[in-house]
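*Asks:* Per the numbering used here: the sequence shown = residues 2 to 395.
Glycine is no exception: its CB is placed at the ideal position from the N, C-alpha and C atoms.
It should be emphasised that the depicted structure is a prediction, and the values quoted were computed from it without experimental measurement.
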Amino acid sequence: MPDATGHFGIFGGRFVSETLMGPVEELRQAYEDARRDPEFHAEIRRELARFVGRPTPLYPADRLSEWAGGARIWLKREDLCHTGAHKVNNTVGQAILARRMGKPRVIAETGAGQHGVASATVAARLGLKCVVYMGAEDMRRQEANVYRMRLLGAEVVPVESGSRTLKDALNEAMRDWVANVDDTFYIIGTVAGPHPYPMMVRDFQSVIGEETREQMQSLEERLPDAVVACVGGGSNAIGIFHPFLDDRSVALHGVEAAGDGVDTGRHAASLSAGKPGVLHGNRTYLMSDEHGQIIHTHSISAGLDYPGVGPEHAWLKDNGRVQYGHVGDREAIEAFHRLSRLEGIIPALESAHAIAYGIRLARELGRGKDIVINLSGRGDKDMHTVAAQEGIEL
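1) Terminal residues of the continuous beta strand (DSSP E) containing residue 285?
2) What does the alpha-carbon distance come out to for the pair residue 108 and residue 277?
3) According to DSSP, is residue 322 helix, strand or coil?
4) Is it buried or exposed, residue 265, if we count other Cβ atoms within 10 angstroms and call 16 or more buried?
5) Taking the alpha-carbon positions, what's the residue 1 to residue 228 distance?
6) For residue 258, tell me which candidate among 285, 225 and 331 has the shortest Cα-Cα distance.
7) Can you tell me which of 381, 359 and 62 puts its alpha carbon nearest to the alpha carbon of residue 333?
8) If you scan the segment 356-395 from start to end, which runs of the alpha helix (DSSP H) of 4 or more residues do you find wholly inside it?
9) Please report the Cβ distance between residue 92 and residue 120, rounded to the nearest whole angstrom; I am assuming they are in contact, meaning their Cβ atoms lie under 8 Å.
10) With a 10 Å radius around its C-beta and 16 neighbouring C-beta atoms as the bar for buried, classify residue 248 as buried or exposed.
11) Enumerated in chain order, which unbroken segments of the alpha helix (DSSP H) with a length of 4 residues or greater are wholly contained in the segment 102-148?
12) Identify whether residue 156 lies in helix, strand or coil by the three-state DSSP scheme.
13) Report buried or exposed for residue 292, applying the criterion of at least 16 other Cβ atoms within 10 angstroms of its Cβ.
14) Go ahead and label residue 49 buried or exposed: buried means 16 or more other beta carbons lie within 10 angstroms of its beta carbon, across all protein chains shown.
15) What are the residues that DSSP puts in a beta bridge with residue 16?
16) Looking at residue 378 and residue 85, is the spacing between their C-beta atoms short of 7 Å?
17) Straight-line CA distance for residue 267 to residue 41?
18) Looking at the unbroken alpha helix (DSSP H) that takes in residue 419, where does it start and where does it end?
19) Helix, strand or coil for residue 279, going by three-state DSSP, please let me know.
20) Can you give me the C-alpha to C-alpha distance between residue 104 and residue 210, rounded to a whole angstrom?
21) Okay, do the segment 213-224 and the segment 296-311 touch, 3+ Cβ pairs below 8 Å being the bar?
22) Between the alpha carbons of residue 208 and residue 282, how many angstroms are there, rounded?
23) Is the segment 311-323 close to the segment 192-203, with three or more CB pairs under 8 Å?
24) Could you compute how far the alpha carbon of residue 143 sits from the alpha carbon of residue 357?
25) Could you check whether residue 188 and residue 95 sit closer than 7 Å to each other, using their CB atoms as the reference points?
26) Would you list the one or two residues that DSSP bridges to residue 82?
27) Could you check where the alpha helix (DSSP H) with residue 1 kicks off and where it finishes?
28) According to DSSP, simplified to helix, strand and coil, what is residue 74?
29) Tell me whether residue 110 is buried or exposed, calling it buried when 16 or more other Cβ atoms sit within 10 Å of its Cβ.
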């Protein structure tokens, strides 16, 4: 848990303008009240079961395991959630909280589009107006998800500033929130932002790890030897890691996007190659230059193309509980094809980074060990991106 001011060690906190201090404090108090209300938790559990389709399976990837030639690989199938990714777990919780606070309008930002689709979906379910900010470059990469959001009744606002990616969309969403705090709830999609967002989003995503613990113990009567998840902002990773933090026998591995390589400057590996700073309301590891200015990032995966990371991940890196590695574009695409052809499962490019790292780790650990990889989303949205890499126009 963070301390009373939302700090994980030196990370986290609340770095926002004076105009946002009131809304952020209102949110903190509302969430604290909701956490103590059994009916709030009961409603979330009902929605996760009936609307989202939880629990998601823990799947033994036997053909992939045999091909890798090492530890047995299991996949936590968040790609089977309604809307196709883990993002919906968090949006259900935040949208129910928005309605509880009497906010009829929700806003969100999105990179790969999965959080935008999840926000639009849950807003439609609860009868809330929804506006989604999205970088123009990400809109180009994720056309199908833009159309899905509009089908669901959301207004999608293109962001043309900066690198036209997730960072810039988040800036615009913050500006909207400042201007419309009376009737608007900001659904942040990852474990970043001012306190209480990192804690709140983690709490809503921890259902992934809680189910994984129960399923592994039920199937194998033991805990896994390692858990692997991709890390952009880090919500799917903290969701599966958090229930295992006290189990020292379980190694935890986060996987960042190395893009063209961490030594090229064209990557999004803020924990592996960044340094501490302040962005989007919290202190964490960032991609920045010698003057502290945020620099452009690169990843073939829009969902990992972000210059920061959730502050709890920064704390877990510094205290050594989680090991953070990285995988580049080319290796992720190879894993994308490998899982598709061996298991009949097309992963999101974000998840493909975790698959690639998990294959390496399986070989390193060897037979007789068990690895769980969080398959955070499905790859339908990435068809155009992967096909274009192969010179195919869809």
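*Replies:* Working from what's here:
1) In the sequence shown, residue 285 corresponds to position 284, counting from 1. Looking at the DSSP string, the run of the beta strand (DSSP E) that includes residue 285 is 283-287.
2) Taking the first residue of the sequence shown as 1, we reach residue 108 at position 107. Taking the first residue of the sequence shown as 1, we reach residue 277 at position 276. Computed Cα separation, rounded: 28 Å.
3) Reading the sequence shown from its first residue, position 321 is the one you call residue 322. It is coil, neither helix nor strand.
4) Against the sequence shown, residue 265 aligns to sequence position 264. Exposed is the call here.
5) Outside the shown range of the chain, which is 2 to 395, sits residue 1, and nothing can be said about it.
6) Here residue 258 corresponds to residue number 257 of the sequence shown, with the count starting at 1. Measuring from the Cα of residue 258, the nearest candidate turns out to be 331.
7) Numbered from its first residue, the sequence shown carries residue 333 at position 332. Comparing Cα-Cα distances from residue 333 to each of 381, 359 and 62, the minimum goes to 359.
8) 384-390
9) By one-based count along the sequence shown, residue 92 stands at place 91. By one-based count along the sequence shown, residue 120 stands at place 119. Contact flag correct, Cβ pair sits at about 5 Å.
10) Here residue 248 refers to the residue found at position 247 when the sequence shown is read from its first residue. Exposed, because fewer than 16 other Cβ atoms sit within 10 Å of the Cβ of residue 248.
11) 115-127 and 137-142
12) Stepping through the sequence shown from its first residue, residue 156 is reached at position 155. Three-state DSSP puts residue 156 in a strand.
13) Counting from one through the sequence shown, the residue named residue 292 turns up at place 291. Result: exposed.
14) Position 48 of the sequence shown, counting from 1, holds the residue named residue 49. Buried.
15) Walking along the sequence shown from the start, residue 16 turns up at place 15. In the DSSP output, where bridge partners are listed per residue, residue 16 has none listed.
16) For the purposes of this step, residue 85 is identified with residue 84 of the sequence shown, where counting begins at 1. For the purposes of this step, residue 378 is identified with residue 377 of the sequence shown, where counting begins at 1. Cβ atoms of residue 85 and residue 378: closer than 7 Å.
17) Working through the sequence shown from its first residue, we reach residue 267 at position 266. Working through the sequence shown from its first residue, we reach residue 41 at position 40. Spanning the two alpha carbons is a distance of roughly 43 Å.
18) Past the edges of the chain, shown from 2 to 395, lies residue 419, and the structure says nothing about it.
19) Taking the first residue of the sequence shown as 1, we reach residue 279 at position 278. Strand at residue 279.
20) Counting from one through the sequence shown, the residue named residue 104 turns up at place 103. Counting from one through the sequence shown, the residue named residue 210 turns up at place 209. Distance between the alpha carbons of residue 104 and residue 210: 30 Å.
21) no
22) Here residue 208 is taken as the residue at index 207 of the sequence shown, counted from 1. Here residue 282 is taken as the residue at index 281 of the sequence shown, counted from 1. Taking the straight line from one Cα to the other gives about 25 Å.
23) yes
24) In the sequence shown, the residue the question calls residue 143 occupies position 142. In the sequence shown, the residue the question calls residue 357 occupies position 356. Distance between the alpha carbons of residue 143 and residue 357: 22 Å.
25) Here residue 95 refers to the residue found at position 94 when the sequence shown is read from its first residue. Here residue 188 refers to the residue found at position 187 when the sequence shown is read from its first residue. Yes. Within cutoff.
26) As a working mapping, residue 82 is identified with position 81 in the sequence shown. BP columns for residue 82 are empty, so no partner.
27) Any answer about residue 1 is impossible in this case: the structure gives the chain only from 2 up to 395.
28) For this step, residue 74 is matched to residue 73 along the sequence shown. Three-state result, residue 74: strand.
29) Counted from its first residue, the sequence shown places residue 110 at position 109. Result: buried.
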